[in-house]
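Under the UniProt record's numbering, think of the first position of the sequence shown as 1, with each following residue one higher. Each remark here refers to the structure printed beneath this line.
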Amino acid sequence: MKLLQDKILQEGKVLSESVLKVDSFLNHQIDPQLMLEIGEEFARLFANEGITKILTLESSGIAPSVMTGLKLGIPVIFARKRKSLTLTDDLLTATVYSYTKQESNEISISNKFIEKGDHVLIIDDFLANGEAALGLIELVTQAGATIAGIGIVIEKSFQAGGNKLREQGLKVESLARVESLSNGEVKFVKDKVE
Ligand code: 5GP
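Below you can see the structure in the form of structure tokens.
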């Protein structure tokens, strides 16, 4: 997605060989117009999959997911990383090792929002080693629902997550695929440069 790639080149900060900071439009401050266009693109890519729900992880997955849900006309559920006092229903939980925080979190959703028969699109901001996506897949599986696919805003293709998920036969669509962050520079995978 050209608009997203341009934004990453203009505003992304390469923090190391493996970490990209995009807090001016995705991870802290949010660019609503860009999120809307991201939502339109995910909706287009997954239009024919019969999706009934979108599942994401708080907090950075919420903005692109809501825009996608708006376009597809379906609800969005975000898994919580901390137990909330109001999250009192029967919970589905999975353990996710956080790439950026380097700690394990229990993620959870109420079992009333994803049920047997749901066909779920998983969306997240970044794909690195695939831990977050695998945790979300586990929640969907526990609910007895099925996975329609995985939508990722920024995939770091030099890390293992993309292959791990695609090897399972999952449809993974990433709007920007970063090939390398070497020498403080963002390089995109060639076949996705539009
Ligand atoms: P994974 O679970 O695939 O290893 O990592 C994905 C999760 O870690 C995402 O939910 C995202 O929050 C975070 N993450 C991974 N790599 C990056 C990165 O380079 N930049 C930022 N801002 N977050 C990242």
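C-beta: ideal position from N, C-alpha, C; glycine also. These numbers come from a predicted model, not from an experiment.
Three-state secondary structure assigned by DSSP to residue i
i: Gly135; result: helix
i: Val193; result: Reliability fails at Val193, whose pLDDT of 45 lies under 50, so the model's placement of it is uncertain and no value is given.
i: Gly130; result: coil
i: Ile122; result: strand
i: Val172; result: strand
i: Ile154; result: strand
i: Ile30; result: coil
i: Ala47; result: coil
i: Val186; result: coil
i: Val140; result: helix
i: Glu103; result: strand
i: Glu179; result: strand
Length of the line joining the Cα atoms of residue i and residue j
i: Val76; j: Leu170; result: 20 Å
i: Val193; j: Asp90; result: Confidence at Val193 is low in this model, with a pLDDT of 45, below 50, so its placement is unreliable and the value that follows should be read with caution. The alpha-carbon atoms of Val193 and Asp90 are separated by roughly 44 Å.
i: Gly12; j: Ala160; result: 22 Å
i: Phe25; j: Gly61; result: 12 Å
i: Ile74; j: Phe158; result: 33 Å
i: Ser59; j: Asn27; result: 8 Å
i: Val172; j: Leu72; result: 18 Å
i: Lys190; j: Lys112; result: 42 Å
i: Ser104; j: Leu70; result: 31 Å
i: Lys53; j: Glu138; result: 15 Å
i: Asp31; j: Gly151; result: 18 Å
i: Gly184; j: Leu20; result: 10 Å
Residues sharing a beta bridge with residue i, DSSP
i: Lys7; result: The partner list for Lys7 (beta bridge, DSSP) is empty, contrary to what the question assumes.
i: Thr93; result: Ser108
i: Phe78; result: Thr56
i: Ile147; result: Val120
Count the C-beta pairs between the segment 114 to 125 and the segment 138 to 154 that are closer than 8 Å, then say yes if the count reaches three, no if not.
At 8 Å Cβ cutoff, the stretches touch.
Meets three-Cβ-pair contact criterion under 8 Å: the segment 33 to 40 and the segment 63 to 73
yes
Determine, using beta-carbon pairs with one atom in the segment 174 to 191 and one in the segment 131 to 138, whether at least three such pairs fall under 8 Å.
no
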